[in-house]
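Undergrad: Using the numbering used here, the letters of the sequence shown correspond one by one to residues 716 to 1084.
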Amino acid sequence: MLYWTIRSLIAERASVGAAAVGIALALLLALYLDAVFRGEAGQLVAFIEKTPGDVWVLQKGVENLHMTQSTLTENAVAAVKQVDGVVAVTRYIYRASTVGTRGSERMAYVVGVPDDPSARRRWEAVTGWHVPQMEAATLPEPMLKSLNLEIGGTVRIGDRNYVVGGVSQGSFSMANPLIFINERDARKQFEVGDGTSILLVDGQHDVGPEVLAQRIVSETDDVNVMVRGDLVRNDFQLALEMGGALIGMMSLIGMTVAALIIIFTAYAFISDRTAELAVAKALGAPRRQLMLSAVFQTGVVAAIGAVLAFIATGPMEYVLTVWLPDVAVDFSSYAAFRLGAATFIVAELASIVPAYYVLRVDPALVFRA
716 MLYWTIRSLI AERASVGAAA VGIALALLLA LYLDAVFRGE AGQLVAFIEK TPGDVWVLQK
776 GVENLHMTQS TLTENAVAAV KQVDGVVAVT RYIYRASTVG TRGSERMAYV VGVPDDPSAR
836 RRWEAVTGWH VPQMEAATLP EPMLKSLNLE IGGTVRIGDR NYVVGGVSQG SFSMANPLIF
896 INERDARKQF EVGDGTSILL VDGQHDVGPE VLAQRIVSET DDVNVMVRGD LVRNDFQLAL
956 EMGGALIGMM SLIGMTVAAL IIIFTAYAFI SDRTAELAVA KALGAPRRQL MLSAVFQTGV
1016 VAAIGAVLAF IATGPMEYVL TVWLPDVAVD FSSYAAFRLG AATFIVAELA SIVPAYYVLR
1076 VDPALVFRA
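1. How many Å lie between residue 952 and residue 756 at the Cα?
2. Do three or more CB pairs link the stretch 1051-1062 to the stretch 1016-1032 at distances below 8 Å?
3. Could you name the residues that DSSP lists as bridge partners for residue 827?
4. At what residues does the beta strand (DSSP E) containing residue 914 begin and finish?
5. Tell me which same chain residues have a C-beta within less than 8 Å of the C-beta of residue 908, skipping the five on either side of it?
6. Going by beta carbon distance, what residues of the same chain come within less than 8 Å of residue 811, once the five residues before and after it are set aside?
7. The alpha helix (DSSP H) with residue 927 in it runs from where to where?
8. Run the CB neighbour count on residue 790, radius 10 Å, all protein chains shown included, and call it buried at 16 or more, exposed below.
9. Classify residue 1007 as helix, strand or coil using the three-state DSSP reduction.
10. Since residue 802 and residue 919 are thought to touch, with beta carbons under 8 Å apart, how far apart are those beta carbons, to the nearest angstrom?
11. Jot down the residue ranges of each uninterrupted beta strand (DSSP E) in the stretch 809-883, minimum 3 residues, whole runs only, in chain order.
12. Note down the Cα distance separating residue 1050 from residue 1039, rounded to an integer number of angstroms.
13. Who are the near neighbours of residue 820 in its chain, counting only those whose CB is closer than 7 Å to its CB and skipping five residues on each side?
14. Expressed to the nearest angstrom, what Euclidean distance is found between the alpha-carbon atoms of residue 1022 and residue 966?
15. How long is the line joining the alpha carbons of residue 906 and residue 786, rounded to whole angstroms?
16. Thinking C-beta only, is residue 898 closer than 8 Å to residue 841?
17. Out of curiosity, what's the CA-to-CA distance linking residue 1036 and residue 1043?
18. So, at 6 Å on beta carbons, what are the nonlocal neighbours of residue 938 in its own chain, with the 5 sequence-adjacent residues on each side left out?
19. Would you mind stating whether residue 739 and residue 1020 have Cβ atoms separated by less than 8 Å?
20. Pairing CB atoms from the stretch 866-882 with CB atoms from the stretch 757-765, are three or more of them under 8 Å?
21. Only counting the same chain, and skipping five residues up and downstream in sequence, which positions put a Cβ closer than 7 Å to that of residue 858?
22. Can you tell me which residues form a DSSP beta bridge with residue 771?
23. From residue 895 to residue 922, what distance separates their C-alpha atoms?
24. From residue 974 to residue 735, what does the alpha carbon distance come to, in whole angstroms?
25. Thinking C-alpha only, which one of 760, 950, 1054, 865 is nearest residue 969?
26. Could you work out which residue in 838, 946, 955, 1024 is closest to residue 778 when comparing CA atoms only?
27. Assuming contact is defined by CB atoms lying nearer than 8 Å, are residue 1026 and residue 911 in contact in what I supplied?
28. Would you identify the three-state DSSP class for residue 1086, choosing helix, strand or coil?
29. What's the C-alpha gap between residue 797 and residue 1048?
30. May I ask which residues mark the beginning and end of the alpha helix (DSSP H) holding residue 749?
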């Protein structure tokens, strides 16, 4: 019976291929949405990933940078400096602000990069982002295009105007792009007299980030200390959770469409071979073999569709990056495997419908024929 099923699938390879392509397209729709949110999340954590410093000191209770605000007092900064093992601290102002002309503003995160020349040079060398001088701002390239601006033009940030002094790459997010200005400008912009938003700590070479973070927590008050990896993980997960419901809904739709395609394909396949199935039942083919035949067929179609979707993610990511450079996409192999496995399970459950039809085929059809 298995040999007959395989031979029949090969004979109907055009129908099987069309069904597999339909399943792949349904899965790619869900995978694309997941890739967009992953790409956006990756851009949101770019500042954390690139900025030098493994130990991040934030306001107590603050565990991520996205959609929150951190304020550290000068006393907190002084207390961190006194912790054993701390070599140097670097201050960054980090605030959300509107950008653009009145009536067409959009939200962005504004980073006040240290005014100290040595700290700035280190930051620029590590990140690759350039910070202009006073009263100037560095904007992501896609944002410049959307605002119809060029270097030397004027951009409004909050209630102040800045000269566009530079362009950054890899700092654009459709939700909240990154804008860089001088720390002194940022203090005036957001009325931060002393203290800071974020404090990055450099420790002695023989003191690991986790150990140093624990020391700061135990020896200071009103601060939260995190190593870079934990902060990246928190912000990335937060960004994904914002689209979790939508991604889940699209995944469900993709699996439902795939299941319907599989049921229809299997039904058409069985309808074309009703006489052959009747012969098999008349010759005494066990019900278990007939059931396995239907299950095997649906599983093959679902597996081919899932594999096609997985293979297509690579070329699709390249094409989307070229055609839509403003939209960051990051296809996840794990997400593709998970969705493919779920689709296969749904397909096997959906095989109950054609399997039931197989079992109801009347062996007497062979004699009537």
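Built from N, CA and C at the ideal position, the CB exists for glycine as well.
TA: With the structure as the only source:
1. Here residue 952 refers to the residue found at position 237 of the sequence shown. Here residue 756 refers to the residue found at position 41 of the sequence shown. Distance between the alpha carbons of residue 952 and residue 756: 8 Å.
2. Counting Cβ pairs under 8 Å, three or more are found: they touch.
3. As a working mapping, residue 827 is identified with position 112 in the sequence shown. Answer is 808, 896.
4. Residue mapping note: residue 914 aligns to position 199 of the sequence shown, counting from 1. For residue 914, the enclosing beta strand (DSSP E) begins and ends at 913-918.
5. Here residue 908 refers to the residue found at position 193 when the sequence shown is read from its first residue. Cβ contact annotation for residue 908 (same chain, cutoff 8 Å, sequence separation greater than five): 902, in chain order.
6. Translated into positions along the sequence shown, residue 811 becomes position 96. Residues of the same chain with a CB within less than 8 Å of the CB of residue 811, apart from the 5 flanking positions on each side, are 784, 822, 823, 824, 825, 891 in chain order.
7. Taking the first residue of the sequence shown as position 1, residue 927 is located at position 212. It spans 924-934 - the alpha helix (DSSP H) in which residue 927 sits, taken as one unbroken run.
8. As a working mapping, residue 790 is identified with position 75 in the sequence shown. The Cβ neighbour count for residue 790, taken over all protein chains shown within 10 Å, is under 16; the residue is labelled exposed.
9. Taking the sequence shown and counting its residues from 1, the one referred to as residue 1007 is at position 292. Helix at residue 1007.
10. By one-based count along the sequence shown, residue 802 stands at place 87. By one-based count along the sequence shown, residue 919 stands at place 204. Confirmed, Cβ separation roughly 6 Å.
11. Listed in chain order, the complete beta strand (DSSP E) runs (minimum 3 residues) inside the stretch 809-883 are 821-828, 851-855, 869-872, 875-883.
12. On the sequence shown, position 335 is the one that residue 1050 refers to. On the sequence shown, position 324 is the one that residue 1039 refers to. Using only the alpha carbons, I get a separation of about 22 Å.
13. Taking the first residue of the sequence shown as 1, we reach residue 820 at position 105. Correct list, in chain order: 813, 814.
14. Position 307 of the sequence shown, counted from the first residue, corresponds to residue 1022. Position 251 of the sequence shown, counted from the first residue, corresponds to residue 966. Answer to the nearest angstrom: the Cα atoms are 16 Å apart.
15. In the sequence shown, counting from the first residue as 1, residue 906 sits at position 191. In the sequence shown, counting from the first residue as 1, residue 786 sits at position 71. Rounded to whole angstroms, the separation of the alpha carbons of residue 786 and residue 906 is 12 Å.
16. Start at 1 with the first residue of the sequence shown, and residue 841 comes out as number 126. Start at 1 with the first residue of the sequence shown, and residue 898 comes out as number 183. No, Cβ-Cβ distance for residue 841 and residue 898 is not below 8 Å.
17. Counting from one through the sequence shown, the residue named residue 1036 turns up at place 321. Counting from one through the sequence shown, the residue named residue 1043 turns up at place 328. Whole-angstrom Cα-Cα distance: 7 Å.
18. In the sequence shown, the residue the question calls residue 938 occupies position 223. Cβ within range, chain order: 772, 775, 791.
19. Translated into the one-based positions of the sequence shown, residue 739 becomes position 24. Translated into the one-based positions of the sequence shown, residue 1020 becomes position 305. Inclusion of residue 739 and residue 1020 in the CB contact set at 8 Å is warranted, their separation being smaller than that value.
20. Result no; under three Cβ-Cβ pairs closer than 8 Å.
21. To locate residue 858, count along the sequence shown from 1; it is residue 143. Excluding sequence positions up to five before and after residue 858, its CB lies within less than 7 Å of the CB of 887, 892, all in the same chain and listed in chain order.
22. As a first step, residue 771 must be located in the sequence shown, where it is residue number 56. Paired residue(s): 915, 941.
23. Taking the first residue of the sequence shown as position 1, residue 895 is located at position 180. Taking the first residue of the sequence shown as position 1, residue 922 is located at position 207. Their Cα atoms are separated by approximately 31 Å.
24. Numbered from 1 along the sequence shown, position 259 holds the residue referred to as residue 974. Numbered from 1 along the sequence shown, position 20 holds the residue referred to as residue 735. For residue 974 and residue 735, the gap between their C-alpha atoms comes out near 11 Å.
25. Here residue 969 is taken as the residue at index 254 of the sequence shown, counted from 1. If we check each option's Cα against that of residue 969, 1054 comes out closest.
26. Within the sequence shown, numbered from 1, the residue matching residue 778 stands at position 63. That would be 946, whose Cα lies nearest to the Cα of residue 778.
27. On the sequence shown, residue 1026 is found 311 positions in, with the first residue counted as 1. On the sequence shown, residue 911 is found 196 positions in, with the first residue counted as 1. Taking 8 Å as the Cβ cut-off, residue 1026 and residue 911 do not qualify as a contacting pair.
28. For the chain, the structure presents residues 716 to 1084; residue 1086 sits outside this window and is missing.
29. For the purposes of this step, residue 797 is taken as the residue at position 82 of the sequence shown. For the purposes of this step, residue 1048 is taken as the residue at position 333 of the sequence shown. Roughly 45 Å separates the two Cα atoms.
30. Taking the sequence shown and counting its residues from 1, one reaches residue 749 at position 34. From DSSP, the alpha helix (DSSP H) with residue 749 extends over 728-759.
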